[in-house]
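Heads up: the sequence shown begins at 1423 in my numbering, then just goes up one per residue. Glycine included, C-beta positions come from ideal geometry on N, C-alpha and C.
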Amino acid sequence: MVIQKEKKSCGQVVEEWKEFVWNPRTHQFMGRTGTSWAFILLFYLVFYGFLTAMFTLTMWVMLQTVSDHTPKYQDRLATPGLMIRPKTENLDVIVNVSDTESWDQHVQKLNKFLEPYNDSIQAQKNDVCRPGRYYEQPDNGVLNYPKRACQFNRTQLGDCSGIGDPTHYGYSTGQPCIFIKMNRVINFYAGANQSMNVTCVGKRDEDAENLGNFVMFPANGNIDLMYFPYYGKKFHVNYTQPLVAVKFLNVTPNVEVNVECRINAANIATDDERDKFAGRVAFKLRINKT
């Protein structure tokens, strides 16, 4: 014989829920007495307090091993890379001589990038250093903060300095300037006490033919030792990286040219196929003329 379960009315269901939330006979809130709730809250307070304290202590211990000035691990930066300015998407520098908007964005980026290199700013903030040797500044047991930096004046960039230049770094005449800079690596003695320079070539035979002539500033793309070592952002607050400017004089118009620039230094490898930016940078240059 099947016994049918009595169906509760809506009012009965509501009354049961009210009694579950607060039972005036047993003085229970949601099935537990005040003492039971107090023990549960105390347990979770102690439990999460312990986890918080353990996490805080772990972070504090870890931070004691980290320097504010020098990264603990620099193994991925053993070989500095090269980069170009103006920096563009996919490193494609495309200029349409007759279309001001196509190159004005590059000019604006270069104006902002080169502003810290103004001779007046360099004279105010940085030192005149002796060329041909590293500018070492040992601590001698005392934190020497900040480190001094050597002047790299904008006028060293010659025709690519952009100072009083109606051609806008050559972009308005189809003879653009591309700036090469080396990425910073803390305490790296670039060149191993020997001279170094940047060279640029067309990646393929057809690129070499279409690349045409170019000039470099400083002469021969030289990078002086006096700009090394770099001591880090917090130490070297006024440090300005040395630059090499390449002015392309007669690139074949309306043709995409693949260019590769490398740094020639005794302790910088440029043949690592796993890292295309180790000691070198490749970019595409196209000068459109109608």
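In the DSSP assignment, F1639 falls within the unbroken beta strand (DSSP E) covering 1636–1639.
Around the beta carbon of T1478, a 10 Å sphere encloses fewer than 16 other beta carbons of the protein chains shown; the residue is thus reported as exposed. Burial state of S1583 is buried, judged by a 10 Å Cβ sphere holding 16 or more other Cβ atoms. The alpha-carbon of N1689 is positioned some 17 Å away from that of K1603. By the criterion of a C-beta distance shorter than 6 Å, P1664 is surrounded in its chain by F1574, I1645, Y1649, once the five residues flanking it on both sides are discounted. Taking C-alpha positions only, A1612 is separated from A1475 by approximately 45 Å. Contact annotation: the segment 1447–1458 does not touch the segment 1614–1621, with fewer than three C-beta pairs closer than 8 Å.
By the CB criterion at 8 Å, P1598 and V1666 fall outside the cutoff. Between K1706 and N1680, the C-beta gap is smaller than 8 Å, which places the two residues in contact. By the criterion of a C-beta distance shorter than 7 Å, G1643 is surrounded in its chain by N1619, V1620, T1621, V1666, once the five residues flanking it on both sides are discounted. Sixteen is the threshold: since fewer than 16 other Cβ atoms of the shown chains lie within 10 Å of the Cβ of P1560, the residue is exposed. Check the Cα spacing between A1614 and each of L1647, R1507, D1693: the tightest is with L1647. For D1514, the enclosing beta strand (DSSP E) has its first and last residue at 1514–1518.
The closest CA to that of V1529, considering only H1590, N1512, Y1661, R1570, is found on H1590.
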